[in-house]
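Residue numbers (my numbering), protein chains in the order written: chain P, 1 to 114; chain C, 1 to 112.
C-beta: ideal position from N, C-alpha, C; glycine also.
Okay, structure first, notes after.
Below is the structure:
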């Protein structure tokens, strides 16, 4: 089944403790992206990757890192999480980032930073 | 997700009614528009899209209307069903920049 898989589904952590949220897609997509979703703010892009070893900042990159060593994986790294990073995170992928290529989303990771 | 529905405008309809969800977009240079559906606890799912050279596009039970003059997009759902209950949001893109900008969403509640 074609899908974008994120793990974990739920995560509670404490300020300053490094964490990684994994994302994997099995559709051979070139483009992958991370979003955060907050009440009243909608989906905001954190980082995106046009292909292997090519990553770029989105609208809200501060406090996050990503890597794209393989085509299928795009982990999101929080080196020193803070409470303002408590949010619902989504990974997404598409064949390319040309217009009208459908974006497929994972099921989300609910992160709480205490 | 569990927190997505907070602070969102809500449309409540009866099963079988037609629903209209509206979206005002911001960038007059946007030339591609998408509607997404997000059910509780799930990621957004593509519903229908439209390019700026069209003003109407129909899918299965859904129609998207685009009014470029007033930068307005609407999603019409015919014969709304309880399974249509979700948050719906639009996204706009300027294909020259390939960056999607998402709207904040509307919660649709369908009563049996």
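Would you grab the beta carbon distance between residue i and residue j for me? Rounded to a whole angstrom, and I think it's under 8 Å.
| i | j | result |
| --- | --- | --- |
| residue 91/C | residue 101/C | 6 Å |
| residue 31/P | residue 49/P | 7 Å |
| residue 48/C | residue 62/C | 5 Å |
| residue 72/P | residue 26/P | 7 Å |
| residue 47/P | residue 40/P | Residue 47/P to residue 40/P, Cβ: 22 Å. No contact. |
| residue 37/P | residue 90/P | 6 Å |
Using the DSSP secondary-structure output, state which residues sit across from residue i in a beta bridge.
| i | result |
| --- | --- |
| residue 90/P | 35/P |
| residue 105/P | 92/P |
| residue 13/P | 113/P |
| residue 65/P | 77/P |
Could you check the C-alpha separation between residue i and residue j for me, to the nearest Å?
| i | j | result |
| --- | --- | --- |
| residue 33/P | residue 106/P | 11 Å |
| residue 52/C | residue 72/C | 11 Å |
| residue 23/C | residue 89/C | 8 Å |
| residue 4/P | residue 112/C | 32 Å |
| residue 1/C | residue 104/P | Low local confidence applies: a pLDDT of 36 at residue 1/C is under 50, so the model's placement there is unreliable, with the coordinate-based value given in what follows. Their backbone Cα atoms lie some 16 Å apart in a straight line. |
| residue 52/P | residue 43/C | 24 Å |
| residue 8/C | residue 63/P | 27 Å |
| residue 3/C | residue 40/C | For residue 3/C, the predicted model reports a pLDDT of 46, less than 50, meaning its position is unreliable; a value from the coordinates is still stated below. Distance between the alpha carbons of residue 3/C and residue 40/C: 9 Å. |
| residue 111/P | residue 86/P | 5 Å |
| residue 27/C | residue 74/C | 16 Å |
| residue 29/P | residue 93/C | 20 Å |
| residue 7/P | residue 109/P | 7 Å |
| residue 87/C | residue 67/P | 31 Å |
| residue 1/P | residue 69/C | 41 Å |
| residue 105/C | residue 65/C | 17 Å |
| residue 15/C | residue 76/C | 14 Å |
| residue 12/C | residue 77/P | 39 Å |
| residue 16/P | residue 24/P | 25 Å |
| residue 19/P | residue 12/P | 10 Å |
| residue 113/P | residue 10/P | 11 Å |
| residue 29/C | residue 14/P | 43 Å |
| residue 54/P | residue 31/C | 26 Å |
| residue 93/P | residue 96/C | 19 Å |
| residue 36/C | residue 80/P | 32 Å |
| residue 79/C | residue 21/C | 14 Å |
| residue 81/C | residue 107/C | 14 Å |
The beta strand (DSSP E) spanning residue i covers which residue range?
| i | result |
| --- | --- |
| residue 43/P | 42 to 51 |
| residue 94/C | 86 to 94 |
| residue 56/P | 54 to 57 |
| residue 24/P | 19 to 25 |
| residue 6/P | 4 to 7 |
| residue 100/C | 99 to 102 |
| residue 111/C | 106 to 111 |
Under 7 Å: does the beta carbon of residue i sit that close to some heavy atom of the ligand PLP?
| i | result |
| --- | --- |
| residue 86/C | No copy of the ligand PLP appears in this structure; indeed no ligand is present at all. |
What residue ranges within the region 3 to 80 of chain C form continuous beta strand (DSSP E) runs of no fewer than 3 residues, ordered along the chain?
10 to 14, 19 to 24, 32 to 38, 45 to 51, 56 to 58, 62 to 67 and 72 to 77
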